[in-house]
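Below you'll find the structure, written out as C-alpha cells, and then a few comments.
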Amino acid sequence: MTDIYLDNNATTRVDPAVVDVMIPYFLEQYGNPSSIHKFADGVARGLKHARQQVQALIGCEHDSEIIFTSCGTESNSTAILSAIKAQPNKKEIITTTVEHPAILSLCDYLEKEGYTIHRMPVDKAGRLNLNAYKSLLSDQVAIASVMWANNETGTIFPVAEMAAMANAAGVMFHTDAVQAVGKIPMLLQDTKIDMLSLSGHKLHAPKGIGVLYLRRGTRYRPLLRGGHQERGRRAGTENSASIVGLGKACELALEYIEYENTKVKAMRDRLERGITEQIPHCFVTGDLNNRLPNTTDIAFEYIEGESILMLLNKAGIAASSGSACTSGSLEPSHVMRAMDIPYTAAHGTIRFSFSRYNSMAEVDKVLKVMPGIVATLRKLSPYWDGNGPVVDPEKAFAPAYA
Amino acid sequence: MWDYSDKVKEHFFNPKNAGAVVDANATGEVGSISCGDALRLTLKVDDDSEIILEAGFQTFGCGSAIASSSVLTEIIKGMTLDEALKVTNQDIADQLEGLPPEKMHCSVMGREALQAAIANYRGEEWKDDHEEGALICKCFAIDAVMIEEMVWANKLRTVEDVTNFTKAGGGCAACHEDIEAILEKVLTEKGEKFDPNAAPIEQPAKVTAIKTPLTNLQRIKKIEQVLESLRPSLMADGGDVELVEVIGNTAYVNMTGACNGCQMAAMTIAGIQQRLMEVMGEFIKVVPATEMSKLVSIEAVS
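Here it is as C-alpha cells:
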C-alpha cells in the first residue's frame, strides 16, 4: 500500500486536472498578459475566467472583487496594512489568540509600532465570546480580523455574525479563510465581510498563489505599488499559470463540496471514533459540533507529538502535530495553550486532515497501527505505568525543570 | 521534518535501556516544561567501585530527546561516577552524530539528568542553574535568556556586541531583528535607549576568567586561547604572535611580522601579559623567546 497523506491542512496535492489547464500557460500562452500579440492574447481571457471561477466558489457579487496575490500570508498582510493605512487615526486591531502566525506575527509587529492589539481568548473548546467581542468594537478599531476556521482543530468561528456586528459598529472586518474555502459552502455577498484571504495550495491548486477578496467600496491601500495589474491594487506581473490553475481548483472544489461534507467527513469521523474507542487517555480538541469536515485534532496524553509523527511516518502515514518540537519553538502550539490543554496532552496532539483523495481503506490502516504506536511511546514515558498513567502524574513525576 | 542523523533515528526507533532499572540506587529527574521534555534516569551503581552497572531511562519527549536518553545510557554504562560526571552534552550530541541546533537542549537534558542522578546517589541536592529561552540564533544555538543575561552583564549595546560575546548572529544574520528586539527590551529596562549605530564596546577576550589553580597543560591551553583572541588585532597591524614555550608562569613568545622589531613590541608584550593575567587570575610573565637561550644556559650552569 502506498503512503497515506493525512496532512491536507498543511498543503494539498495539486489536482491533475489543475496541472493540465496550467501547462499551456507555460509553453504556449506564456506572453505577458499586458502585451498585444498572439503569445498573450488568450491570457487575459484565462485570467478573467479564473476570476469568475473563484467568484463562484466564494459567492461574491463581482469578479472584480477578486485580487490575485502570491499566497495567504500576502493577502492577510495586505488586508490589515490596508485597513490601518486607510484609517490612520484608528489605532486598535481586534483579533484572536488562535490565529495563524500570518496574522499574529504581523499584529505583534504593529503592537511595537504603537497599535493596541485586542487578542480575544477562547474557551476550552476553542470558542469565542461574542459579548466580549462586541464590547471591543469601537470607532478606535481599524479592523477586526478573525479566522474562518482554525488550522489545527478545524473549529469554525461565526464570522458572518461577527462581520455584521463589526459593520454595525463601523469597523472593517477581515477573515483569514485559507482553511475554510473549498471545505464549507460560503456566499460572501450575503455577508458583511469586507476582506477575505484564501490560499491556492490548501485546495489542490499550486503553492504560490492566493486571493484577497475585497468587497467593492471597501477603502483600500495596496501593499505592492507599481504596474496596473489587478486594477492597480496588487502590482506585479500576474502569475498567469497559477491563477488559471487556482480557477480550475475552485471549480473542482465547488463540485466536490458536498462530497467533502459527506464522504470526507465520514472518513474523518470513522478515524476519530476508532482512535478514541481503541486508545485510552486521548481526546479530541476543539469545538466538536462546529468543525471543518476534514479535520480532527487528537491529544494523546503522556507522550509527545513528534515521536508519534516519526513512528507514523515509518508506517507510511503523514500527519502533523501541535507539539513544540515539530516547529522548532519551545512552546507547544499557541492554539492548544489558548484552549488551556494541559501540557502533558498539548505536546501530544496529532492533527489528521483529509481530502477527497483519501479513502476508507486508508482510515483502517491508520486505525491498525495507531494503538501500537501510542503504546510503544507510553512504555518509554515516565508518566505511564503499565496499563495506565501513574497515579497523580503531576506529583509522581515532578522533575526539576530547566 | 528534522534532518536527523541515522544515529538519532537508530536510537529513536530502537531505544537502548528503555524503562526503569529495577533495583536502582540512583535517580535523576529533569525536564523543561515549556518544551515538553522530561527525563527520568535510573542507575544501578556498584557501591564499592562506584561503577555504573546498569542505566535505564524513561522519557516524555520528542525523537531527539528519546535518542539522547538512549545514547546517554549506553555512554555511561561501565563508567565510574567520576568519569560519568565528565560527560558533556556535546559528548551526547557527538555520539548521535550531531543534533539540529533547535534540539541541542535534548542533549543538555541528558547531561543534567545524569548529574542529578549522581547527586542523588551521593545524597547531594542537584541544583539546576540553566534557564532556557526561545532559540534566537539557529546557527550557533543561542537562546534569548543567554543573550539577555550577556547584555545585562556586559553592558552590551549593539548586535555586533552580542555577536562578539555570544556568537549569536554571527552566522546567517537572519536573527539580527530578534537580537535588536532583545537589546531594545533590556536597554529600556535599564533606562537607556537602543541605538543601532552605537559604537561597539571594547572587544572582549573570548575566554572567561577561571578561578581554580591551573595545571601546566590547562595553563598552556588557556594561554593559547588568549593569544588566539588577541591575534586579530595584531594581524590588523600586520603582525602576529606565536607561543614557543611555557615554563612555570613564564610564557615565551615570538613576535612575528610587523611586530618583530617594532618599537611597540615591548608595549605589545606588556599588553599581552596584562590580558593573560586578567583572564587567568594568576601572575604570568611574558618574555620574548629570544630570552630563552639565556635561561637554558643558566640552568645548565646551575
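Chains as they are written, first to last, in my numbering: chain A, 363 to 764; chain B, 11 to 312.
Idealized CB from N, CA, C, for every residue including glycine.
8 angstroms Cβ cutoff, residue i in contact with chain A
i                     : result
residue 128 (chain B) : no
residue 50 (chain B)  : yes
residue 184 (chain B) : no
residue 215 (chain B) : Bear in mind that the predicted position of residue 215 (chain B) carries a pLDDT of just 48, short of 50, making it unreliable; the figure below should be weighed with that in mind. No, no contact with chain A.
residue 24 (chain B)  : no
residue 157 (chain B) : no
residue 192 (chain B) : no
residue 76 (chain B)  : yes
Short Cβ contact (8 angstroms threshold) for residue i with residue j
i                     : j                     : result
residue 379 (chain A) : residue 610 (chain A) : yes
residue 55 (chain B)  : residue 63 (chain B)  : yes
residue 374 (chain A) : residue 627 (chain A) : no
residue 314 (chain B) : residue 157 (chain B) : Residue 314 (chain B) falls outside the range modelled here, since chain B spans only 11 to 312, and no answer is possible.
residue 654 (chain A) : residue 429 (chain A) : no
residue 713 (chain A) : residue 514 (chain A) : yes
residue 511 (chain A) : residue 530 (chain A) : no
residue 489 (chain A) : residue 649 (chain A) : yes
residue 544 (chain A) : residue 657 (chain A) : no
residue 582 (chain A) : residue 593 (chain A) : no
residue 602 (chain A) : residue 408 (chain A) : yes
residue 148 (chain B) : residue 206 (chain B) : no
residue 404 (chain A) : residue 391 (chain A) : yes
residue 538 (chain A) : residue 461 (chain A) : yes
residue 437 (chain A) : residue 559 (chain A) : yes
Identity of the residue in the options nearest residue i by Cα
i                     : options                       : result
residue 89 (chain B)  : B:204, B:124, B:238 and B:195 : B:124
residue 142 (chain B) : B:244, B:151 and B:155        : B:155
residue 729 (chain A) : A:639, A:477, A:695 and A:596 : A:639
residue 7 (chain B)   : B:289, B:263 and B:292        : The structure shown does not extend to residue 7 (chain B), since chain B is modelled only from 11 to 312, so the question has no answer here.
residue 666 (chain A) : B:27, B:240 and B:71          : B:71
residue 114 (chain B) : B:79, B:281, B:230 and B:130  : B:79
residue 118 (chain B) : B:81, B:134 and B:252         : B:81
residue 616 (chain A) : A:393, A:384, A:421 and A:671 : A:421
residue 566 (chain A) : A:365, A:581, A:370 and A:364 : A:370
residue 146 (chain B) : B:232, B:190, B:291 and B:242 : B:190
residue 477 (chain A) : A:452, A:492, A:507 and A:495 : A:452
residue 635 (chain A) : A:733, A:621 and A:579        : A:733
residue 574 (chain A) : A:726, A:710, A:443 and A:367 : A:443
Any chain E beta carbon closer than 8 angstroms to residue i
i                    : result
residue 34 (chain B) : Of the protein chains in the structure, A and B, none is chain E.
Interface partners of residue i on chain A, CB under 7 angstroms
i                     : result
residue 147 (chain B) : Those do not exist, as residue 147 (chain B) stays about 13 angstroms from chain A at its closest Cβ, beyond 7 angstroms.
residue 73 (chain B)  : 668, 669 and 672
Per-residue contacts from residue i into chain A (C-beta, under 8 angstroms)
i                     : result
residue 102 (chain B) : Near residue 102 (chain B) there are no residues of chain A at all, since even the closest Cβ is about 15 angstroms away, more than 8 angstroms.
residue 28 (chain B)  : 741 and 742
Minimum Cβ-Cβ distance from residue i to chain B less than 8 angstroms
i                     : result
residue 676 (chain A) : yes
residue 643 (chain A) : no
residue 479 (chain A) : no
residue 705 (chain A) : yes
residue 584 (chain A) : no
residue 685 (chain A) : yes
residue 694 (chain A) : yes
residue 621 (chain A) : no
residue 323 (chain A) : No information on residue 323 (chain A) is available, as it lies outside the stretch 363 to 764 that chain A covers here.
residue 764 (chain A) : Reliability fails at residue 764 (chain A), whose pLDDT of 45 lies under 50, so the model's placement of it is uncertain and the value that follows must be treated cautiously. Taking Cβ atoms only, chain B reaches closer than 8 angstroms to residue 764 (chain A), which makes this a yes.
residue 367 (chain A) : no
residue 387 (chain A) : no
residue 719 (chain A) : no
Contact list for residue i against chain B, beta-carbon separation under 9 angstroms
i                     : result
residue 759 (chain A) : 39, 41, 48, 50, 68 and 70
residue 745 (chain A) : 48, 68 and 70
Proximal chain B residues relative to residue i, where beta-carbon distance stays under 8 angstroms
i                     : result
residue 665 (chain A) : 70
Within chain B, the residues that residue i reaches when beta carbons sit closer than 7 angstroms
i                     : result
residue 709 (chain A) : 46
residue 618 (chain A) : The contacting residues do not exist; residue 618 (chain A) stays about 29 angstroms from chain B at best.
Give, in chain order, every unbroken run of the beta strand (DSSP E) that is at least 3 residues long and sits entirely within the segment 541–624 of chain A. The segment 541–624 of chain A contains these whole beta strand (DSSP E) runs: 557–561 and 572–576.
Starting from the N-terminal side, write out each stretch of the alpha helix (DSSP H) that is 4 residues or longer and does not extend beyond the segment 88–157 of chain B. Taking only runs of at least 4 residues, the alpha helix (DSSP H) segments lying wholly in the segment 88–157 of chain B are 91–95, 99–105 and 114–131.
Curious, which full-length alpha helix (DSSP H) runs of at least 4 residues does the segment 53–91 of chain B contain? Correct list: 73–86.
So within the segment 448–493 of chain A, which uninterrupted beta strand (DSSP E) runs reach at least 3 residues, ignoring any that extend past its ends? Listed in chain order, they are 454–458 and 478–482.
Ignoring anything shorter than 4 residues, give me the alpha helix (DSSP H) runs that lie fully in the segment 382–444 of chain A, in order along the chain. DSSP runs (the alpha helix (DSSP H)) wholly in the segment 382–444 of chain A: 405–420.
For the segment 165–204 of chain B, list the alpha helix (DSSP H) runs that are entirely contained and at least 4 residues long, ordered along the chain. Runs found: 169–176 and 186–199.
Considering only residues of the segment 697–733 of chain A, which uninterrupted alpha helix (DSSP H) runs meet the minimum length of 4 residues and lie entirely inside it, listed in chain order? Whole alpha helix (DSSP H) segments, 4+ residues: 705–708.
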